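Residue numbers (the working numbering): 311 to 462.
Glycine is no exception: its CB is placed at the ideal position from the N, C-alpha and C atoms.
Just so it is clear, the structure is predicted and the values come from calculations on it, not from any experiment.
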Amino acid sequence: MTGALGIYNYWIYVLLMMIGLYGVIAKPNLIKQAIALGLFQTGIFLYYISMAVIDGGTAPVWTTILDGAQKYEGPYDNPLPHVLILTAIVVSVSVLAVALALIINIKRTYGTIEYDEIEAMDQADKRADYQRGQVVDAADDVEHKLEGHHHA
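Pasting the structure below:
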């Protein structure tokens, strides 16, 4: 079955990737963005695993025949993408753990995990600093420090 339904795993990975991409771009909630990033990564994993499989292929292992001899028969699926994806899954879980730790610290600092609310708070702080005549950006900060050393 080589029609559109015969490659259902490709449809699944495209669907997972698009749901993940939509979630990362469109959702303001940081936890939803982290979960969507995980969905996107899962779609990529499925894609690479699907590319390694060939029609009629088996696991690349030695087989023992009746007389006790070992025989190497093919065709075999490519094992390299499977090994690389195993490593990528470990990295993916680590990235998700670090993202959740950062989200916890953001929640403690800002009291919310909604990106638009955090951005509004930061903009309000910048406006208040500007109105008080305080340092506005990094360039002003460097200039302020240089002036302080020059007058000393």
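Own chain residues within Cβ distance below 7 Å of Gly330, not counting five before or after = Ala346, Leu347, Leu349, Phe350, Gly353
Where does Tyr320 fall in DSSP's three states?
-> helix
DSSP beta-bridge partners of Glu424 = Asn339
Proximity to Leu390 [Cα-Cα], best of Gly366, Ile359, Asn319, Ile414 = Ile359
Residue burial classification, Leu326 (beta-carbon count within 10 angstroms, cutoff 16) = buried
Measure the alpha-carbon distance for Ile395 versus Met431 and round it to whole angstroms.
-> 40 Å
Would you call the CB atoms of Thr422 and Ile414 closer than 9 Å?
-> no
Of the residues Tyr420, Ile317, Asp426, which one's Cα is nearest the Cα of Met361?
-> Ile317
My understanding is that Leu410 touches Ala344, with C-beta atoms under 8 Å, so please give their C-beta distance in whole angstroms.
-> 6 Å
Can you tell which of Asp439, Ala434, Val405 has its C-alpha closest to the C-alpha of Ile341?
-> Val405
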